[in-house]
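Trainee: In order, the protein sequences belong to chains A and B.
First residue of the first sequence: 18, per the numbering used here; consecutive thereafter.
First residue of the second sequence: 18, per the numbering used here; consecutive thereafter.
Even glycine gets a Cβ: it sits at the ideal position worked out from N, Cα and C.
So that we are looking at the same thing, I have put the structure below in C-alpha cells.
Number of protein chains: 2
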Amino acid sequence: MYIVIMAGGRGTRFWPRSRDRKPKHLLDILSERTIIQETVDRLLPLVPPERILIVTGRTHAAELARQLPDIPAENILIEPMGRNTAPCIGLAAHFVRRLDPGAVMAVLPADHLITDGGRFLDVLRAAAEAAAPGHHLVTIGINPTAPETGYGYLELGEEEGTARGEKVWQVRSVREKPDRETAQAFLAEGCYVWNSGMFVWTAAAIIDAIGQWLPDLAGGLARIDTALGTDRENAVLEDVYPGLPSISVDYGVMEKADNVLVLRGDFGWSDVGSWDALWEVSPKDPSGNVLKGSVAVTGTRNSLVVARDRLVALAGVEDLIVVDTEDALLVCRRGDSQRVKELVDLLEKEGLTQYL
Amino acid sequence: MYIVIMAGGRGTRFWPRSRDRKPKHLLDILSERTIIQETVDRLLPLVPPERILIVTGRTHAAELARQLPDIPAENILIEPMGRNTAPCIGLAAHFVRRLDPGAVMAVLPADHLITDGGRFLDVLRAAAEAAAPGHHLVTIGINPTAPETGYGYLELGEEEGTARGEKVWQVRSVREKPDRETAQAFLAEGCYVWNSGMFVWTAAAIIDAIGQWLPDLAGGLARIDTALGTDRENAVLEDVYPGLPSISVDYGVMEKADNVLVLRGDFGWSDVGSWDALWEVSPKDPSGNVLKGSVAVTGTRNSLVVARDRLVALAGVEDLIVVDTEDALLVCRRGDSQRVKELVDLLEKEGLTQYL
Chain A
18 MYIVIMAGGR
28 GTRFWPRSRD
38 RKPKHLLDIL
48 SERTIIQETV
58 DRLLPLVPPE
68 RILIVTGRTH
78 AAELARQLPD
88 IPAENILIEP
98 MGRNTAPCIG
108 LAAHFVRRLD
118 PGAVMAVLPA
128 DHLITDGGRF
138 LDVLRAAAEA
148 AAPGHHLVTI
158 GINPTAPETG
168 YGYLELGEEE
178 GTARGEKVWQ
188 VRSVREKPDR
198 ETAQAFLAEG
208 CYVWNSGMFV
218 WTAAAIIDAI
228 GQWLPDLAGG
238 LARIDTALGT
248 DRENAVLEDV
258 YPGLPSISVD
268 YGVMEKADNV
278 LVLRGDFGWS
288 DVGSWDALWE
298 VSPKDPSGNV
308 LKGSVAVTGT
318 RNSLVVARDR
328 LVALAGVEDL
338 IVVDTEDALL
348 VCRRGDSQRV
358 KELVDLLEKE
368 GLTQYL
Chain B
18 MYIVIMAGGR
28 GTRFWPRSRD
38 RKPKHLLDIL
48 SERTIIQETV
58 DRLLPLVPPE
68 RILIVTGRTH
78 AAELARQLPD
88 IPAENILIEP
98 MGRNTAPCIG
108 LAAHFVRRLD
118 PGAVMAVLPA
128 DHLITDGGRF
138 LDVLRAAAEA
148 AAPGHHLVTI
158 GINPTAPETG
168 YGYLELGEEE
178 GTARGEKVWQ
188 VRSVREKPDR
198 ETAQAFLAEG
208 CYVWNSGMFV
218 WTAAAIIDAI
228 GQWLPDLAGG
238 LARIDTALGT
248 DRENAVLEDV
258 YPGLPSISVD
268 YGVMEKADNV
278 LVLRGDFGWS
288 DVGSWDALWE
298 VSPKDPSGNV
308 LKGSVAVTGT
318 RNSLVVARDR
328 LVALAGVEDL
338 IVVDTEDALL
348 VCRRGDSQRV
358 KELVDLLEKE
368 GLTQYL
C-alpha cells in the first residue's frame, strides 16, 4: 500500500499565518507539529516513509523536505502548476503503478485534522482491503454532524459487504456542495456522508477510470508516464501540464463512475478550513477562549488568539479572531472568517504583495 | 510671564503605547510631534523657551530633555516622587518667584489637546492680565459639550469684568467629578464649565494661598525654597518631599479659596484621557474609522487602529481599538477603554513587568 498526500494550495484562508510560501499544511496551528507532519506521523504505523508520496508545487517542495526529513526526496512529486485534484492524482497513480503495478494507493489531503488516529488507520486498512481487487473506487465518507454547505455529500446505497469488520456501502449519488436547506434534508435523512476527499484504489483502477471519464487528461498523463524516471521527466511535465484540464477528481470521475464504494469514517475529522473552524475544533477555556502563545485577557469571551513573539492583550471583547505574525496582524470577527480571503484579495489589489 | 508645564503621571490609560518610561505626553499619538512637543510649540509665540519650566519625575527627565532641546536643562524641575498637583505647583511657584518676584505664571498640563492654538493664546494672555495684580487665582474653564463625569466643574458667579476683551467671571463653587445626573443638570443650567487644570496667577499669589489653605505643604516648600539653586537642592528635595501632603491644587486650594476667577476657554480642548477619547477627537473616514500607520480594513466601522511597523488588517469588526507596538498589542472594545487599566493591573499582578 502506498499513500499519496496532496499538498497543494495557497491557503489564503489562514492569512496572516498562511502565505504564498506557507500554506496551511506547513503551519503549526494545531499543535507543536505542522499539520503535514501530523498527517505523516499518523500514517507511520501503517506504512514506512518510503511508501509515502507527496504531490506539491515548486514553491513548497523545499519546505516540505525540511519538515519531513524521513520522506525520500524522490517521493516528493512536483507539479509545474496546480490543475486541481484529477491531474495530481493521475500523476501520482502513474508514479505508483511504475513502482508496483498491483499497488493499492490511498489519496489523502495534507491538511485535515483527525483526532482518533487509531480508528483512522482501521478504516484505511479496511478501505484498502475493499479496493485491493481493483474493481472499485473506494472513498471515505464522514458522518455529518451539522448541515454544512461547504462540503460535498455522498448518498449511501446498498450495503456491499464488510472489509476487516467495517461496513462498505455502494454510493447511490455524489452531490456537490448543497444549499442550507438541502444540507439540512441530507442530515435528516441519515444516509448521506460528507465527502472527505480521501480515496483508496489501485493505481490501475484510477488510471482506468480517468481513461474512461477524462480522456484528455488520460492522454496527457500517458505522455508523462513515458518520461517518468527519465532525464526528460521535468521537461515533459512542463510541456504537458499547462494543457491538462483543471478539474477535480470528484467532478471529473467520482460523480460519473458507477463503481464507487464508501466506508464511514468515525475518527473525529475536520478539514479545519478556516480560523473559525480552528476555534470550533480546539479545546476552550471556561470563557470559551482559545489562546495560543503569550496572551493576556480581561472580560473576553469566545475568541481565538494566536500570538507569536509579542504579547497580545484583549479587553472587553467577544467573538474575535486575533492572529499575530512578525509582519502582519489579523483582527476578524469570529463567524466571519471567510472575510480573510477578502483581505488577501485587497492586499493583492493594493500591491502589498510582501504580505501575501 | 512664565509657563509651568506639569509632566508627571504613569499614563497607563494609553497602554501599550504608554509605559512606565513613556507616559502619554511623551507619545506621538496625535500627530508627528509628541504631545508635550505640541504643548510647547503652541506656547512659543507667547514666551521664549527660557520662560518655560517643566516639572516631572526622575524617570522621564532625560526623554523630556531629548524631545525639547530648546528648553534649558535647568528649567526641567525634578520631583523626587509624585505628590499630586499642589506640591508640584508650589515647587514651581517658589522657583519662579526666585527668578522674578513679580512674575505671572501659567500652570498647564503637558498632555492636553488644543485645536485652536491662536484662541488659546488669546485666552492665556487675558488670564495673565487678570492675574497680574496678584489678587486672584485665575483658572480657565471649558464650555462643556457633554455631561462628562470625568471632569471637575466650576460654577460661574458674577461677571467680574473683562481682560483684553475676554469676559472674566467670579467662581461661585468648585465641584468635584459629578455623577451622571448632576453632570446633566450642570450642562442644562449653562453656568458651569469644566475644570481644565489650567491656572494663571502670580507666584506670590499661589504661595500665599498655599500658606493659607495648606500650611503643612507651605512649611515643606519653605524649607525647599532656602535650598533652591544651591548644592543642597537635591538633598533637601529628597528629604522634604516624602513628608509633603499628596493633594491636588483643586481640592487643597481652589475649592477653599474665595478669590478665584475664571475665563471661558473656547479653543477646542480635550484632555484625551483614553483611547476612546482619541477616537472621539480624531478625524474619521466615511466608515467612522481612525486608521494610523499601515492598516488594511474590510467591512470595518467606528474603530481606532494605531499601527506601527507591522501591517494591521481588520475584517468584519466594529467598535474596536487596536494598538500595536513592537512587543505588545492591544485589542479592546471601543467605549470600554477604561479596561486598559485592568489589563495593566493584570500584567503587573502576573509579573509581566517587561510590558509595563
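Mark G169 of chain A as exposed unless 16 or more other C-beta atoms lie within 10 angstroms of its C-beta, in which case mark it buried.
Mentor: G169 of chain A is buried by the Cβ-count criterion.
Trainee: The alpha helix (DSSP H) that contains P232 of chain A, what's its start and end?
Mentor: Its alpha helix (DSSP H) spans residues 232-244.
Trainee: Within 9 Å (strictly less), CB to CB, does S354 of chain A reach chain B?
Mentor: Yes, its Cβ sits closer than 9 Å to a Cβ of chain B.
Trainee: With H, G and I counted as helix, E and B as strand and the rest as coil, what does DSSP make of M349 of chain A?
Mentor: Strictly speaking, residue 349 of chain A in this sequence is Cys, with Met absent from that position. Strand at C349 of chain A.
Trainee: Okay, do the stretch 199-207 of chain B and the stretch 228-246 of chain B touch, 3+ Cβ pairs below 8 Å being the bar?
Mentor: No, the stretch 199-207 of chain B is not in contact with the stretch 228-246 of chain B.
Trainee: Which same chain residues, not among the five before or five after R136 of chain B, have their C-beta less than 7 Å away from its C-beta?
Mentor: D283, F284, listed in sequence order.
Trainee: Pull up the distance between the alpha-carbon of I95 of chain B and that of R75 of chain B, whole angstroms please.
Mentor: Each residue's Cα considered, the two are about 6 Å apart.
Trainee: So, is the C-beta of R249 of chain B closer than 9 Å to a C-beta in chain A?
Mentor: No - not a single Cβ of chain A is within 9 Å of the one on R249 of chain B.
Trainee: In whole angstroms, what separates the C-alpha of L369 of chain B from that of S35 of chain B?
Mentor: The straight-line gap from Cα to Cα measures roughly 15 Å.
Trainee: How is A163 of chain B classed by DSSP in three states: helix, strand or coil?
Mentor: Reduced to three states, the DSSP call for A163 of chain B is coil.
Trainee: For the 8 Å Cβ check, are there 3 or more pairs between the stretch 296-306 of chain B and the stretch 355-373 of chain B?
Mentor: The stretch 296-306 of chain B is not in contact with the stretch 355-373 of chain B.
Trainee: Determine which residues of the stretch 336-350 of chain B have a Cβ less than 7 Å from any Cβ of chain A, and write them out in chain order.
Mentor: Residues L337, V339, D341, D344, A345, L346, L347, V348, C349, R350.
Trainee: Going straight from the alpha carbon of D225 of chain B to that of V210 of chain B, what length do you get?
Mentor: If I take the Cα positions, the gap works out to 26 Å.
Trainee: Which residues, taken in chain order from the stretch 299-328 of chain A, show a beta carbon closer than 7 Å to some beta carbon of chain B?
Mentor: Listed in sequence order: A313, T315, G316, R327, L328.
Trainee: For D293 of chain A, count the other beta carbons within 10 Å of its own beta carbon; 16 or more makes it buried, fewer makes it exposed. Which is it?
Mentor: Result: buried.
Trainee: Going by DSSP, what residue range makes up the beta strand (DSSP E) through I338 of chain A?
Mentor: 337-341 is the extent of the beta strand (DSSP E) around I338 of chain A.
Trainee: On the three-state DSSP scale, how would you describe R189 of chain A?
Mentor: Three-state DSSP puts R189 of chain A in a strand.
Trainee: Fully enclosed by the stretch 268-339 of chain A, which beta strand (DSSP E) runs are 3 residues long or longer?
Mentor: With a minimum length of 3 residues, the continuous beta strand (DSSP E) runs that stay inside the stretch 268-339 of chain A are 277-282, 307-309, 312-315, 321-323, 328-332.
Trainee: Going by DSSP, which residues form a beta bridge with K184 of chain B?
Mentor: Bridge partners of K184 of chain B: B:T179.
Trainee: Buried or exposed for R30 of chain A, please, with buried defined as at least 16 other CB atoms from any protein chain shown within 10 angstroms of its CB.
Mentor: By the neighbour-count rule (16 or more Cβ atoms within 10 Å), R30 of chain A is buried.
Trainee: Leaving out five residues before and five after N319 of chain B in sequence, what residues of the same chain have Cβ atoms less than 6 Å from its Cβ?
Mentor: Correct list, in chain order: G305, E335, D336.
Trainee: Which whole-angstrom value describes the C-beta separation of A24 of chain B and I53 of chain B, a residue pair presumed to lie in contact below a C-beta threshold of 8 Å?
Mentor: Confirmed, Cβ separation roughly 6 Å.
Trainee: On the DSSP bridge assignment, give the partners of V72 of chain A in chain order.
Mentor: Per DSSP, A:M23, A:L94.
Trainee: Rounded to whole angstroms, what's the CA-CA distance from G182 of chain B to W218 of chain B? Just pull it up for me.
Mentor: Using only the alpha carbons, I get a separation of about 19 Å.
Trainee: Taking all protein chains shown into account, do 16 or more other C-beta atoms lie within 10 angstroms of the C-beta of C349 of chain B, making it buried, or fewer, making it exposed?
Mentor: Buried, because 16 or more other Cβ atoms sit within 10 Å of the Cβ of C349 of chain B.
Trainee: Taking 9 Å as the CB-CB limit, is G246 of chain A close to chain B?
Mentor: Chain B, which has no Cβ nearer than 9 Å to the Cβ of G246 of chain A, makes this no.
Trainee: List the residues of chain B that V289 of chain A touches, going by C-beta distances under 8 Å, in chain order.
Mentor: In chain order: nothing, as chain B lies at least about 19 Å away.
Trainee: Answer with yes or no whether the minimum CB distance from A294 of chain B to chain A is below 9 Å.
Mentor: So, not an interface residue.
Trainee: Using a cut-off of 7 Å between C-beta atoms, extract the partners of E365 of chain A located in chain B.
Mentor: Going along chain B, no residue has its Cβ under 7 Å from E365 of chain A, so there is no contact; the nearest lies around 11 Å.
Trainee: With a threshold of 9 Å between beta-carbons, can P104 of chain A be considered close to chain B, or not?
Mentor: It does not: the Cβ of P104 of chain A has no partner Cβ on chain B nearer than 9 Å.
Trainee: Could you please tell me which residues of the stretch 21-53 of chain A, in chain order, have their CB closer than 9 Å to any CB of chain B?
Mentor: For the stretch 21-53 of chain A, which is checked against every Cβ of chain B, the residues closer than 9 Å are W32, P33.
Trainee: Spatial neighbours of V270 of chain A within its chain, please: C-beta separation below 8 Å, excluding the five flanking residues on both sides.
Mentor: Correct list, in chain order: A103, L154, I223, A226, I227, W230, L231.
Trainee: Could you give the DSSP three-state label for N101 of chain B: helix, strand or coil?
Mentor: It is coil, neither helix nor strand.
Trainee: Using a cut-off of 7 Å between C-beta atoms, extract the partners of G107 of chain A located in chain B.
Mentor: Within 7 Å Cβ-Cβ: nothing; G107 of chain A doesn't reach chain B, min ~37 Å.
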